[in-house]
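Below: the structure, in structure tokens.
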Amino acid sequence: MAKLRVGVVSPEREIWSGEADMVIAKTVDGEIGIMPEHAPVLGVLVEGGVLRVKRGGESDLVAAVHGGFISVANNDVSILAEAAELGSEVDVAAARDALQRAQASIEAGQEDADIRLAAKRARARLRAAGEEV
Amino acid sequence: MGAQLRLLRRRIKSVKSTAKITRAQELIASSRIVKAQQRMQAAVPYEQEITRAVSGVVSNTASVDHPLTVEKEKPSSAGVLIVTSDSGFCGGFNANILREAEALRGLLEERGIRAVPFVVGRKGVTWHTFRSRKMGGRWEGFSRRPSYADAKAIADTLIESFKEENGIDEIHIVSTEFVSMLTQNVVVRRILPLEVVESEAESTDTIPPYFEFEPNAAEVLDSLLPRYVESRIFNALLQSAASEEASRRRAMKSATDNANELIRVFTMQMNQARQAEITQEISEIVGGANALADAAAGKE
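The listed protein sequences derive, respectively, from chains Y and X.
Residue 181 in this note's numbering is what sits at position 118 of the first sequence, and the numbering runs on without skipping anything.
Residue 206 in this note's numbering is what sits at position 193 of the second sequence, and the numbering runs on without skipping anything.
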């Protein structure tokens with residue numbers, strides 16, 4: 064079976080590229096799974112989503128993806144993220160700390176979009192690192 | 014005589030220390046160009062992908078009428094984003110940009126459009142405040158190492174002003190394009206309304222696929238176009254950062270060369286002066302001795 068050529072890029076650098084059997088991402092409509100020979104799709108990714116790239120044999124590549132797009136055409140999958148981080152690169156302690164701070168301020172009644180976003184991002188980073196949230 | 018010698022020695026010493034400084038600046042700039050170029054390279058994949066995505070959407074949806082692509086029939090004002098540097102010592106870098114920006118302003122005014130400057134970089138900001146020009150926005154402190162967040166902040170301000178009822182109707186960007194270590198050009202581009210160019214040459218071999226959209230074309234376009242503008246601005250900032258270092262390196266190199274030439278000339282003058290002094294001293298001594306000898310001979 065044909066393989067997917069996957070590239071995960073952020074504005075400042077290319078985060079990962081390689082071949083894969085399946086890509087699972089979360090768009091604003093819900094989760095989308097891409098397998099080879101998928102019809103061309105252009106989707107908007109949610110803020111604080113987790114991207115999973117299944118590679119036969121190797122363990123899955125997991126990344127926290129904050130906003131951006133997924134575009135699929137001719138077995139080329141590109142994930143254009145405004146910011147993204149591989150699960151293996153996540154600083155778990157820092158992410159947990161950020162989540163706690165965000166939650167503390169939500170509990171203290173300061174609810175605004177920025178804090179919600181911070182909590183979302185921290186949660187996605189922790190999930191990408193394989194932590195329970 | 015001794016005074017002239019001392020003067021020359023002092024000048025040589027001061028020119029030498031200037032040369033040391035400019036030489037160090039040159040070396041620093043050289044190493045920074047490499048880093049700036051790497052950052053430029055790192056940003057290329059994202060830019061290509063987003064350009065492809067935008068052209069994909071545009072070629073799929075028959076009529077693109079998004080606020081960011083619609084041209085006003087009678088534009089009354091235009092935002093001009095001017096990308097300058099924060100620090101000086103970089104030759105004609107800022108002067109070239111500001112001259113080009115002034116030319117654009119003239120052109121726009123001929124068409125009856127008011128130009129509103131949005132300025133990046135301390136040098137450009139100072140230039141505008143000195144002439145008490147009103148700025149639509151100003152950003153300082155990151156010209157050497159722009160981050161994507163900086164580009165985003167600029168894009169947000171511009172897009173917001175663009176969307177406002179009485180805001181700007183066009184956005185132009187004046188920045189320096191990094192061609193190579195030796196060549197950097199000032200370029201003027203219009204970034205909004207987006208010129209949706211369907212490049213015929215490129216699409217001959219790869220027919221743009223018929224995309225499906227999640228959730229729908231309008232929403233995808235809604236979030237895609239601002240990202241595209243951000244990416245254009247980010248690219249301009251990165252290119253400008255690399256160009257700034259390149260022109261700084263060049264300016265510092267010619268300053269060092271000039272200083273070395275000055276040292277050479279001064280050293281020669283100093284040696285001449287020293288020689289002249291010695292010759293004069295000898296002739297004075299000889300003259301004095303002769304006079305003494307004559308006087309002694311006269312007595313006898």
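Note that beta-carbon positions come from the ideal geometry of N, C-alpha and C, so glycine has one too.
Quiz item: Just reading off the alpha helix (DSSP H) that Y/M85 is part of, what are its end residues?
Solution: Membership of Y/M85 in any alpha helix (DSSP H) is not indicated; the residue belongs instead to the beta strand (DSSP E) covering M85 to T90.
Self-check item: Sequence-distant residues of its chain with Cβ nearer than 7 Å to Y/G106 (five each side left out)
Solution: Correct list, in chain order: T90, I95, F132 and I133.
Quiz prompt | Whole-angstrom distance between X/A268 and X/R24, CA atom to CA atom | solution = 16 Å
Quiz item: Does the beta carbon of Y/V91 sit closer than 8 Å to a beta carbon anywhere in chain X?
Solution: Y/V91 has a beta carbon lying within less than 8 Å of a beta carbon in chain X.
Self-check item: Beta-carbon proximity list for Y/V104, same chain, < 6 Å, skipping 5 on both sides
Solution: V135
Quiz item: With Y/L162 and Y/L189 assumed to form a contact (beta carbons below 8 Å), what rounded beta-carbon distance in angstroms separates them?
Solution: Distance from Y/L162 to Y/L189 at the Cβ level is roughly 7 Å; contact confirmed, criterion being Cβ atoms closer than 8 Å.
Quiz prompt | Interfacial residues, the segment 67 to 86 of chain Y to chain X, with Cβ spacing under 9 Å | solution = Against chain X - using a Cβ distance shorter than 9 Å - the residues of the segment 67 to 86 of chain Y are G70, V72, S73, P74, E75, R76, E77 and S80.
Exercise. Report yes or no: do three or more beta-carbon pairs, one from the segment 275 to 294 of chain X and one from the segment 117 to 136 of chain X, lie closer than 8 Å?
Key: no
Quiz item: Which word fits X/I295, buried or exposed, when buried means at least 16 other C-beta atoms lie within 10 angstroms of its C-beta?
Solution: Per the 10 Å Cβ criterion, exposed.
Quiz prompt | Rounded straight-line distance, which links the Cα of X/K29 to that of X/A6 | solution = Look at the range of chain X in this structure, 14 to 313, and you will see that residue 6 of chain X is not part of it.
Quiz prompt | Nearest to Y/A146 (by Cα), restricted to the options Y/G130, Y/N138 and Y/A157 | solution = Y/G130
Quiz item: CB X/S174 to CB X/I181, shorter than 8 Å?
Solution: yes
Self-check item: In DSSP terms, what X/Q197 is bridged to
Solution: X/F191
Practice problem: Would you please verify whether the beta carbon of X/E232 is less than 8 Å from any beta carbon of chain Y? | Solution: yes
Self-check item: Nearest-angstrom Cα separation, counted from X/N198 out to X/E190
Solution: 5 Å
Exercise. Report the option in X/I63, X/R36, X/Q50 and X/N284 whose CA atom is closest to the CA atom of X/A255.
Key: For the residues X/I63, X/R36, X/Q50 and X/N284, the minimum Cα distance to X/A255 belongs to X/Q50.
Exercise. Give a yes or no on whether the minimum CB-CB distance between Y/I97 and chain X is below 8 Å.
Key: no
Exercise. Report the rounded CA-to-CA distance for X/A116 versus Y/E121, giving the unit in angstroms.
Key: Distance between X/A116 and Y/E121, taken at the CA atoms: about 58 Å.
Quiz item: Given that Y/G106 touches chain X, what residues does it touch there, using C-beta distances under 9 Å?
Solution: E225, F226, E227, P228 and V233
Quiz prompt | Nearest-angstrom Cβ-Cβ length linking X/N107 and X/K136, presumed shorter than 8 Å | solution = 4 Å
Practice problem: Could you tell me the distance, in whole angstroms, from the CA atom of X/S188 to the CA atom of X/Q282? | Solution: Approximately 45 Å between the Cα atoms of the pair.
Quiz item: Counting pairs of beta carbons, one from the segment 57 to 74 of chain X and one from the segment 239 to 252 of chain X, are three or more of them closer than 8 Å?
Solution: Yes: the two stretches touch, three or more of their Cβ pairs being nearer than 8 Å.
Quiz item: Is any beta-carbon of chain Y found at less than 8 Å from that of X/I246?
Solution: Chain Y contact via Cβ: absent.
Exercise. Note down the Cα distance separating X/A32 from X/L275, rounded to an integer number of angstroms.
Key: 10 Å
Quiz item: Around the C-beta of X/D218, are 16 or more other C-beta atoms found within 10 angstroms, so that it is buried, or is it exposed?
Solution: Any reading at X/D218 needs caution, since the residue's pLDDT is 45, under 50, leaving its predicted position unreliable; the model's value is listed next. Under this definition X/D218 is an exposed residue.
Quiz prompt | Three-pair Cβ contact test at 8 Å for the segment 107 to 126 of chain Y versus the segment 72 to 91 of chain Y | solution = yes
Self-check item: Residues in the segment 127 to 146 of chain Y having any Cβ partner in chain X nearer than 7 Å
Solution: For the segment 127 to 146 of chain Y, which is checked against every Cβ of chain X, the residues closer than 7 Å are F132, S134, A136, N137, S141 and L143.
Exercise. Throw me the rounded Cβ distance for the X/T97 and X/L207 pair, which I believe falls under 8 Å.
Key: Actually they do not touch by this definition, with Cβ atoms about 25 Å apart.
Quiz item: To which residues does DSSP link X/R203 through a beta bridge?
Solution: X/H185
Exercise. Check Y/H129 in the structure and name its three-state DSSP category.
Key: strand
Self-check item: Other residues of its chain near Y/G119: CB distance less than 6 Å, five sequence neighbours each side excluded
Solution: The beta carbon of Y/G119 sits closer than 6 Å to the beta carbons of D84 from its chain, once the five residues preceding and following it are set aside; these are given in chain order.
Quiz item: Out of curiosity, what's the CA-to-CA distance linking X/A302 and X/F102?
Solution: 58 Å
Quiz item: With a cut-off of 8 Å, does the C-beta of X/T217 fall near any C-beta of chain Y?
Solution: Since pLDDT at X/T217 reaches only 42, below the 50 mark, its modelled position is unreliable, and the value read off the structure follows with that caveat. No, X/T217 does not count as interfacial toward chain Y.
Self-check item: Inter-residue Cα distance where the pair is X/G119 and X/G154
Solution: 28 Å
Quiz item: Thinking C-beta only, is X/A164 closer than 8 Å to X/L250?
Solution: yes
Self-check item: Proximal chain Y residues relative to X/V70, where beta-carbon distance stays under 8 Å
Solution: L105
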